[in-house]
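*Asks:* This is the structure I want to talk about, given as structure tokens.
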Amino acid sequence: MKFVIASSVQLMGRTVTKSVEPKLGVSILQHAIAHNVDWQHMCTRGTCARCRCIIEEGAEHLEEPTKAEHARLDPEEIEEGYRLGCQAIVKSSGQITARNKTYF
Ligand code: FES
Numbered sequence: 001m002k003f004v005i006a007s008s009v010q011l012m013g014r015t016v017t018k019s020v021e022p023k024l025g026v027s028i029l030q031h032a033i034a035h036n037v038d039w040q041h042m043c044t045r046g047t048c049a050r051c052r053c054i055i056e057e058g059a060e061h062l063e064e065p066t067k068a069e070h071a072r073l074d075p076e077e078i079e080e081g082y083r084l085g086c087q088a089i090v091k092s093s094g095q096i097t098a099r100n101k102t103y104f
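Taking the UniProt record's numbering, the leading residue of the sequence shown gets 1, the next gets one more, and so forth.
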């Protein structure tokens with residue numbers, strides 16, 4: 001039997017995937033760290049891009065990209081749905097799917 005969660009953040013790290021409860025005002029990276037998902041990161045302030053991810057679902061539940069993201073990501077990447085996990089803040093409940101996709 002499949003259990004359906006109406007509002008969750010699905011986090012896909014390097015080897016770990018988890019669906020967790022969304023916490024408003026908290027970044028995708030903070031969700032991943034709190035739930036032991038192996039999400040790459042270093043600076044946590046929008047410069048290293050290790051935490052880069054693609055939002056496969058639910059971008060509307062995140063705050064708009066920050067200045068740091070506009071500085072670090074190409075406009076095409078932002079258009080395709082890439083975000084920096086440490087900058088992407090959950091603003092509303094719903095289904096969000098984020099996959100950590102670093103450059104290297
Ligand atoms: S952890 Fe460095 S940009 Fe997010």
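Every residue gets a Cβ at the ideal spot worked out from N, C-alpha and C, and that includes glycine. A quick note: this is a predicted structure, and the numbers were derived from the prediction, not measured.
Would you say ILE54 and LYS101 are within 9 Å of each other, going by their C-beta atoms?
*Replies:* yes
*Asks:* What is the rounded straight-line gap between the Cα of ASP74 and the Cα of LYS67?
*Replies:* Rounded to whole angstroms, ASP74 and LYS67 show a C-alpha spacing of 12 Å.
*Asks:* Is the beta carbon of ALA49 less than 9 Å from the beta carbon of LEU84?
*Replies:* yes
*Asks:* Am I right that SER8 and GLN95 are in contact with their C-beta atoms under 8 Å? What's the rounded C-beta distance?
*Replies:* 6 Å
*Asks:* Report the three-state DSSP secondary structure of GLU77 (helix, strand or coil).
*Replies:* Helix, per DSSP.
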